[in-house]
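S.K.: Could you have a look at this structure, given as structure tokens, before my questions?
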């Protein structure tokens, strides 16, 4: 099937000129691209951001497989389709100058980190410090925290591990 035939089929399926908004259903999500069906026609390598390149500063939303998206073609061809609207976002990722924030709807967890530290490890370190905390008294160093304090720290640790994930 040549390009002209594909273009004609798209016009028939969506009832529009290919460079107008096109409704599609997501069939596959990769790093910065998706595959989607327009009627019975499945198209691969649809961009989620303007360019797929090695750039440390970007934001990308990844749609849920099976959800509707709106596409536009920059030049009227299938090779330049881009997602312009997502109905159901499953994952959101933001990177800027070493800062990363990633929201993952699949497991309901969050990653926050920069080039030096990540929030998950920071919270793990805090829980470890509190569990082993000792203070100096008039008769020497104290023992480790009391069992009720350890239980509360362990609950804190369980809770943040349900919200955060390691990078």
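In this note's numbering, the protein residues as written are 369 to 535.
We put the CB at the ideal spot given by N, CA and C, even for glycine.
Source: prediction; values computed, not measured.
(1) Answer yes if the stretch 448 to 465 comes into contact with the stretch 430 to 439, meaning at least three C-beta pairs across the two stretches below 8 Å, and no otherwise.
(2) Which runs of the beta strand (DSSP E) at least 3 residues long sit entirely within the stretch 473 to 515? Give them in chain order.
(3) Under 9 Å, do residue 469 and residue 414 count as touching if we go by C-beta distance?
(4) When the Cα of residue 439 is compared with those of 426, 425, 454, which residue comes out closest?
(5) Considering only the beta carbon of each residue, do residue 390 and residue 402 sit closer than 9 Å?
(6) So, helix, strand or coil for residue 439, using DSSP?
(7) My understanding is that residue 411 touches residue 446, with C-beta atoms under 8 Å, so please give their C-beta distance in whole angstroms.
(8) Straight-line CA distance for residue 405 to residue 474?
(9) When we look at the beta-carbon of residue 531 and count the other beta-carbons within 10 Å, is it buried (16 or more) or exposed?
(10) Could you tell me which of 509, 505, 481 sits nearest to residue 464, measuring between CA atoms?
(11) Among residues of its own chain, excluding the 5 on either side of residue 487, which ones have a beta-carbon nearer than 7 Å to its beta-carbon?
M.R.: In this structure, then:
(1) The stretch 430 to 439, when compared against the stretch 448 to 465, does touch it at the 8 Å Cβ threshold.
(2) 477 to 481
(3) No.
(4) 454
(5) no
(6) strand
(7) Yes, residue 411 and residue 446 are in contact; Cβ-Cβ is about 6 Å, under 8 Å.
(8) 22 Å
(9) With fewer than 16 other Cβ atoms from the protein chains shown falling within 10 Å of its own Cβ, residue 531 counts as exposed.
(10) 481
(11) Hits under 7 Å: 480, 481, 532.
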